[in-house]
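**Q** Could you have a look at this structure, given as structure tokens, before my questions?
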Amino acid sequence: MTGLTHLQRLEAESIHILREVVAEAERPVMLYSVGKDSAVMLHLAKKAFFPARPPFPLLHVDTTWKFRAMYDLRDRAAAEAGMELIVHTNPEAEALGINPFDHGSRHTDMWKTDGLKQALTAGGYDAAFGGARRDEEKSRAKERIFSFRSASHGWDPKAQRPELWRLYNTRIAKGESIRVFPLSNWTELDIWQYILAEGIEIVPLYFAAPRPTVERDGMLLMVDDERFRFREGEVAVDRSIRFRTLGCYPLTGAVESEAATLPDVIQEMLLTTTSERQGRAIDHDQAASMEKKKREGYF
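Counting in this note's numbering, the sequence shown tops out at residue 302, every number present.
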């Protein structure tokens, strides 16, 4: 791939991975969380199979607590891509009224981890594309592009396969599956530069604007709807904020910023010294909490 730019090399690698999975898997699916990485992955999928539609559905595991702006883009992006959108919510979590204010890590375990396993099992999917990147978090840094999961969707870091010369062994036993990460070798800065170069639509929350916020436990939380629970003495204050990562709004911290355009965001990225995942409360439940979640089936 001589003569290609850095972004073109990454794009070519990701497209190769997408096509490899479609050629080898019987029932692939793309996990679509509506974040910036999902937006790039969906864009790459459309490129990989153009002029046809991507030959797999989109799967959104809904916690019912995502930012409202994420739901708006989710439905529109799926329709514009001409792809089937499968939305799964964990009926058990719904029946128990599990929520991020009362149930702590159980909220993530039931809505996200159990919900994802339910959806993958129900659909009989043997390969699921995810938008995780190695630079996000230390447990993801040691995960292969093709991440093999047991029949119960568990991940064993010691049972990974070598990936030499971009050759991937996709053979699995009955009941097993693969989580595939086409963006593994991308960085957060790569993602932003690619979004700018390709004109990819993303959730407006990634750009700075005055929004109602509460400072809690060292995080700036946005008051996104009437379900937000204020603690004693808390009052919503308008601040110029944006998000580097998006998830359930009561568990996702914003950063104070004036970066309201893509070039501004990229300039801010060049100067930052912290990980984007620092704003995700679920990553700080306990030591190595992300790896524990992945072993249990988290994407």
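Note that beta-carbon positions come from the ideal geometry of N, C-alpha and C, so glycine has one too.
So, is residue 139 buried or exposed, given that buried needs 16 or more other C-beta atoms within 10 angstroms?
**A** That one is buried.
**Q** Provide the residue span of the alpha helix (DSSP H) that contains residue 71, from first to last.
**A** Where residue 71 is concerned, the enclosing alpha helix (DSSP H) stretches over 71-84.
**Q** Give a single yes or no on whether residue 35 has its beta carbon closer than 7 Å to a heavy atom of the ligand GTP.
**A** Ligands displayed in this structure: none; no statement on the ligand GTP is therefore possible.
**Q** If you draw a straight line from the alpha carbon of residue 147 to that of residue 158, how long is it in whole angstroms?
**A** C-alpha separation (whole angstroms): 11 Å.
**Q** Starting from residue 24, follow the alpha helix (DSSP H) in both directions and report where the run begins and ends.
**A** Element bounds for residue 24: 9-27.
**Q** Just to confirm the assignment: which complete alpha helix (DSSP H) runs, minimum length 4, are found wholly within the stretch 185-216?
**A** 191-201, all fully within the stretch 185-216.
**Q** For residue 376, name the three-state secondary structure that DSSP assigns.
**A** Any question about residue 376 goes unanswered here, given that the chain covers just 4 to 302.
**Q** How long is the line joining the alpha carbons of residue 164 and residue 219, rounded to whole angstroms?
**A** Approximately 42 Å, taken between the alpha carbons.
**Q** Using 8 Å as the cut-off, can you tell me whether the stretch 110-124 makes contact with the stretch 231-246, which would need three or more C-beta pairs spanning the two stretches below that distance?
**A** Contact between the stretch 110-124 and the stretch 231-246 is absent, because fewer than three Cβ pairs lie under 8 Å.
**Q** Whose C-alpha, out of 109, 61, 91, is nearest the C-alpha of residue 99?
**A** That would be 109, whose Cα lies nearest to the Cα of residue 99.
**Q** Where in the stretch 84-142 do unbroken runs of the beta strand (DSSP E), each at least 3 residues long, occur, reported from the N-terminal end onward?
**A** Runs of the beta strand (DSSP E) inside the stretch 84-142: 88-91, 130-132.
**Q** In terms of residue numbering, what span does the beta strand (DSSP E) encompassing residue 31 cover?
**A** Segment 31-34, the beta strand (DSSP E) holding residue 31.
**Q** Quick one: what does DSSP say residue 241 is sitting in, helix, strand or coil?
**A** Three-state DSSP puts residue 241 in a strand.
**Q** Taking all protein chains shown into account, decide if residue 276 is buried (16 or more other Cβ within 10 angstroms of its Cβ) or exposed.
**A** Label assigned to residue 276: exposed.
**Q** Using a threshold of 8 Å, state whether the C-beta atoms of residue 143 and residue 136 are closer than that.
**A** Taking 8 Å as the Cβ cut-off, residue 143 and residue 136 qualify as a contacting pair.
**Q** Rounded to the nearest angstrom, what separates residue 258 and residue 223 at their Cα positions?
**A** Distance between the alpha carbons of residue 258 and residue 223 is about 7 Å.
**Q** How far does the alpha helix (DSSP H) with residue 260 in it extend, from its first residue to its last?
**A** Per DSSP, residue 260 belongs to no alpha helix (DSSP H) and is neither H nor E.
**Q** Kindly indicate the opening and closing residues of the alpha helix (DSSP H) around residue 47.
**A** It spans 39-52 - the alpha helix (DSSP H) in which residue 47 sits, taken as one unbroken run.
**Q** Compute the Euclidean distance between the alpha carbons of residue 122 and residue 87, then round it to the nearest angstrom.
**A** Distance between the alpha carbons of residue 122 and residue 87: 14 Å.
**Q** Quick check on the burial criterion: 16 or more other C-beta atoms within 10 angstroms. Buried or exposed for residue 59?
**A** Flag for residue 59 reads buried.
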